[in-house]
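Asker:
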Amino acid sequence: MAKIGKLSGTAEVKLSSHYYDETRAFFSLGGIQLKKEIVSILQRFTTETIDDSMIEIPVYTHLGDYALPCFPFAKKLRQSPILIAQELAAIIQDESIEKTEAVNGYVNIFMKRKSFALSLLTTLQKQGKQYGSSNVGAGGIVSIDMSSPNIAKPFSMGHLRSTVIGNSIALLHEKSGYQPVKINHLGDWGTQFGKLLVAYRLWGSEKKVREAPIETLLALYVRFHEEAKIDDSLNDKGRAAFKSLEDGDTEALALWEWFRTESLKEFQRIYDLLGVSYDSFQGEAYYNDKMDSIVEELHERNLLVASDGALVVDVGEHLPPCLIKKSDGATLYATRDITAAIHRKHTYHFVKSLYVVGNEQSLHFEQLKIVLNKMGYAWSDAIQHIPFGLILKDGKKLSTRKGKIILLEEVLKEAILLAEKTIEEKNPQLINKKEVAKSVGVGAVIFSDLKQHRKHDIEFDLKKMLQTEGETGPYVQYTFARACSILRKAPAQIAFEVKDVNDYEWELIKALKQFPSVVLRATAEYDPSILAKYAVHLAQSFNSFYGNVQIMNDSKHLSYRIGLVQSVVIVLEESLRLLGIKAPTEM
RNA sequence: GCGCUCGUAGCUCAAUUGGAUAGAGCACUUGACUACGAAUCAAGAGGUUGCAGGUUCGAGUCCUGCCGAGCGCACCA
């Protein structure tokens, strides 16, 4: 009943408080600390307690750069917020503040643009790519379970999400001072292989598999499920075949090994395209000989219960029990995942263990954590499911079993082809066309996935995915290339001087200033979309600046504007890198 | 039936975690390339935030109840 909601509610609270701690930690660091600076300035003028979280950035530029809403003080001071704001605005002054205004109960604060800009640009020049880096992770190891495609099946669009989200989360954690360990937990074990073995023995041919491994194996798998609908005994044969595999049948093992090798070859091609690498490929099969001792441990702790011939762990009234062994003695997904979790803890001593796995598996991870907790492992709290929405086609889930599937490789190829055509049209004398087309095409696909929040289901739309205009990867890449182009033509320089700051430049400077906190927030929330949206925002600010301000033909402002462009180049490139997207200097 | 995740412009998504006039992109209409890259920029139009209550100075955001969508609910992973 309501108990379930309560349980998951607790988990949510934990998550958000964790995020809050990291944000806190960030503001106490030496990097960007503007909110804190503002707080300490404001605090001098009132006895009321002011917190970082009370400072906000106004929606409109004409309302200032920062604002303090005075409503929370009203009740205690027994005075109208409008008056409080007026009083505060009248007395606040600081060398970094240009002016303050009281509007509708807000104190609006306008910063001194010149000194603000000078200090930011100086910081950026000094720190370069290190800008936005921090040590909130304090070197802690974070294992990330990601991608994890199933052997003998094609790499589908569904696995794209886990791969690119996981990759970006790893990069973000690294930037924030953690040590990520990327684990590709291959789906290379389980009843499905028993079914595949049966199908291969019944209808398969060695020659065909050699010619087109994945395609042939997929066809066999789909056929199995079609025929099993009519002949249920096939399912029993599949289960039996898996059992014999698990018991070490040499002929079955040889076939399995062969299927696995062929699959890995194909996957590697895609990972090369995406530019994703792994620290471990230990899939489910790796844990085959490690499960007995775990089952034994469960038994010793009196957690195993016999139920309809199977062995289960009771995880509470409101959840279905966690299945450890089937009635035929074979293991299950949960058995392997429990074993893997313990093995990872022993191997990596992680401070966090993340699982970038689809929304639909949240029950499994809930069970996993409870079982580990019942085993006495306090670190079960460090396990965190990072769910994401499904890729839907016509509003429905894609299903391998029904052969309803979209191949990632074909989507990527199409994207690259389109990028090639666009380059041919817009920049035909570009030197390394192929390489750039790859970066842009793949960038478009990755970005279209990362820019929306993880948890949303995505309706698959090839046209949208290949788009290069508007809020897209290629838009950000194009902005970067444009900025690089200016730097190529600009005179080399070291020092710069800020004469004045116009509105276009000011927007850009404020956007640059946000980067470190964006990185931290994206890390803490395991949400690359925050960074992707930021990258678009920064690119928009730059393009607006570019379209309205003469950079090269104004010697008075030249040095400072070049410095600004250099800063944009640094932050855009770093943003794209953290998303796992390449940034060509020309396109 | 129960649970999880959601519901914002025609479409895809934002909204600084409860703050000011709910913002972008796509598509549509219009304007700008002898200033640095037009994969761009500038402008226009587009809204009862699924519905109904509640909490408070203030709700797209929090609470309750409906309606709708997707996913999940032991021998698949």
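Once you know that position 495 of the first sequence is 495 in my numbering, the rest is easy, because the numbers rise by one and skip nothing. The C-beta atom is built at its ideal place from N, Cα and C for all residues, glycine as well. This structure is a prediction, so every number in the text was calculated from the model and none was measured.
Along the chain, where does the beta strand (DSSP E) containing PRO69 start, and where does it finish?
Answerer: As a first step, residue 69 is located in the first sequence; it is residue number 69 there, counting from the start. Unbroken beta strand (DSSP E) run through PRO69: 66-69.
Asker: Would you call the segment 130-139 and the segment 149-159 in contact, with 3 or more CB pairs under 8 angstroms?
Answerer: No, they do not touch.
Asker: State the Cα-Cα distance for the pair LEU407 and PRO154, rounded to the nearest angstrom.
Answerer: Reading the first sequence from its first residue, position 407 is the one you call residue 407. Reading the first sequence from its first residue, position 154 is the one you call residue 154. Roughly 7 angstroms between the two C-alpha positions.
Asker: Could you check what DSSP says for THR331 in three-state terms: helix, strand or coil?
Answerer: Here the question's residue 331 lines up with position 331 in the first sequence. In this structure, THR331 counts as strand in the three-state DSSP scheme.
Asker: With DSSP as the reference, identify every bridge partner of VAL589, one or two as the case may be.
Answerer: Within the shown structure, residues of the chain are numbered from 1 to 587, placing residue 589 beyond reach of any answer.
Asker: From which residue to which residue does the alpha helix (DSSP H) around ALA524 run?
Answerer: If you number the first sequence from 1, residue 524 lands on position 524. Where ALA524 is concerned, the enclosing alpha helix (DSSP H) stretches over 503-524.
Asker: With LYS112 and ILE92 assumed to form a contact (beta carbons below 8 angstroms), what rounded beta-carbon distance in angstroms separates them?
Answerer: On the first sequence, residue 112 is found 112 positions in, with the first residue counted as 1. On the first sequence, residue 92 is found 92 positions in, with the first residue counted as 1. Their Cβ separation, rounded to whole angstroms, is 13 angstroms, which puts LYS112 and ILE92 out of contact at 8 angstroms.
Asker: Note the first and the last residue of the continuous alpha helix (DSSP H) segment covering VAL88.
Answerer: Looking up residue 88 in the first sequence gives position 88. Note that residue 88 is Leu in the sequence shown, not Val. Taken as a continuous stretch (DSSP letters only), the alpha helix (DSSP H) holding LEU88 covers 81-91.
Asker: What did DSSP end up calling ALA306 once you bin it into helix, strand or coil?
Answerer: Here residue 306 is taken as the residue at index 306 of the first sequence, counted from 1. In this structure, ALA306 counts as strand in the three-state DSSP scheme.
Asker: Please report the straight-line C-alpha distance between VAL222 and HIS299, rounded to a whole angstrom.
Answerer: As a position in the first sequence, residue 222 is number 222, starting the count at 1. As a position in the first sequence, residue 299 is number 299, starting the count at 1. VAL222 and HIS299: Cα-Cα distance of roughly 38 angstroms.
Asker: Flag this pair as yes or no: are the beta carbons of ILE144 and ILE183 separated by less than 8 angstroms?
Answerer: Numbered from 1 along the first sequence, position 144 holds the residue referred to as residue 144. Numbered from 1 along the first sequence, position 183 holds the residue referred to as residue 183. Against a cut-off of 8 angstroms, the Cβ pair of ILE183 and ILE144 comes out as a contact.
Asker: Whole angstroms are fine: how far does the CA of PRO149 sit from the CA of LEU197?
Answerer: Taking the first residue of the first sequence as position 1, residue 197 is located at position 197. Taking the first residue of the first sequence as position 1, residue 149 is located at position 149. Approximately 19 angstroms, taken between the alpha carbons.
Asker: Go ahead and pull the three-state DSSP assignment for PRO180.
Answerer: The residue given as residue 180 occupies position 180 in the first sequence. The answer is strand: DSSP assigns PRO180 an E or B state.
Asker: Reducing DSSP to helix, strand and coil, say where ALA102 ends up.
Answerer: Start at 1 with the first residue of the first sequence, and residue 102 comes out as number 102. ALA102: strand per DSSP, three-state reduction.
Asker: For a test of the three-state rule: what should DSSP assign to MET1, helix, strand or coil?
Answerer: What you label residue 1 is simply residue 1 of the first sequence in a count that begins at 1. The predicted position of MET1 is uncertain, since its pLDDT is 23 and thus under 50; no value can be drawn from it.
Asker: Return the first residue and the last residue of the beta strand (DSSP E) that LEU392 is part of.
Answerer: Numbered from its first residue, the first sequence carries residue 392 at position 392. Where LEU392 is concerned, the enclosing beta strand (DSSP E) stretches over 391-393.
Asker: Since ILE405 and ALA341 are thought to touch, with beta carbons under 8 angstroms apart, how far apart are those beta carbons, to the nearest angstrom?
Answerer: Counting from one through the first sequence, the residue named residue 405 turns up at place 405. Counting from one through the first sequence, the residue named residue 341 turns up at place 341. With 8 angstroms as the limit, ILE405 and ALA341 do not qualify as a contact, their Cβ atoms being about 29 angstroms apart.
Asker: Straight-line CA distance for LEU487 to LYS207?
Answerer: As a first step, residue 487 is located in the first sequence; it is residue number 487 there, counting from the start. As a first step, residue 207 is located in the first sequence; it is residue number 207 there, counting from the start. So the two alpha carbons sit approximately 57 angstroms from each other.
Asker: Taking the alpha helix (DSSP H) that SER485 falls in, what are its first and last residues?
Answerer: For the purposes of this step, residue 485 is identified with residue 485 of the first sequence, where counting begins at 1. Segment 473-489, the alpha helix (DSSP H) holding SER485.
Asker: CB-CB under 8 angstroms to PHE26, same chain, minus the five flanking residues each way: which ones, in chain order?
Answerer: Working through the first sequence from its first residue, we reach residue 26 at position 26. For PHE26, the predicted model reports a pLDDT of 33, less than 50, meaning its position is unreliable; a value from the coordinates is still stated below. Contacts found: SER134, VAL136, PRO516, SER517, LEU520.
Asker: Within the same chain, show all residues whose beta-carbon is closer than 6 angstroms to that of LYS591, passing over the 5 residues directly before and after it, in chain order.
Answerer: Residue numbering for the chain in the displayed model covers 1 to 587; residue 591 lies beyond these limits and cannot be assessed.
Asker: So, with DSSP's three-state summary, where would you put VAL142?
Answerer: If you number the first sequence from 1, residue 142 lands on position 142. Strand.
Asker: What residue range is occupied by the uninterrupted beta strand (DSSP E) comprising LYS325?
Answerer: Reading the first sequence from its first residue, position 325 is the one you call residue 325. Start and end: 322-325.
Asker: Using a 10 Å radius around the Cβ and a threshold of 16 neighbouring Cβ atoms, would you call ALA539 buried or exposed?
Answerer: For the purposes of this step, residue 539 is taken as residue 539 along the first sequence, with counting starting at 1. So ALA539 ends up on the buried side.
Asker: Quick check: the Cα distance between ALA138 and VAL351, rounded to an integer number of angstroms?
Answerer: Translated into positions along the first sequence, residue 138 becomes position 138. Translated into positions along the first sequence, residue 351 becomes position 351. If you take the alpha carbons of ALA138 and VAL351, they lie about 10 angstroms apart.
Asker: To which residues of the same chain is GLY248 closer than 8 angstroms at the C-beta, ignoring the five residues directly before and after it?
Answerer: Locating residue 248 in the first sequence gives position 248, where the first residue counts as 1. For GLY248, where only same-chain residues beyond five positions count, there are no Cβ hits under 8 angstroms.
Asker: May I have the straight-line CA-CA distance separating LYS325 from ALA437, to the nearest angstrom?
Answerer: Within the first sequence, the letter at position 325 stands for residue 325. Within the first sequence, the letter at position 437 stands for residue 437. Taking the straight line joining both Cα atoms gives about 50 angstroms.
Asker: Taking the continuous alpha helix (DSSP H) assigned at TRP256, which residues delimit it?
Answerer: In the first sequence, residue 256 corresponds to position 256, counting from 1. Here the alpha helix (DSSP H) through TRP256 covers 250-274.
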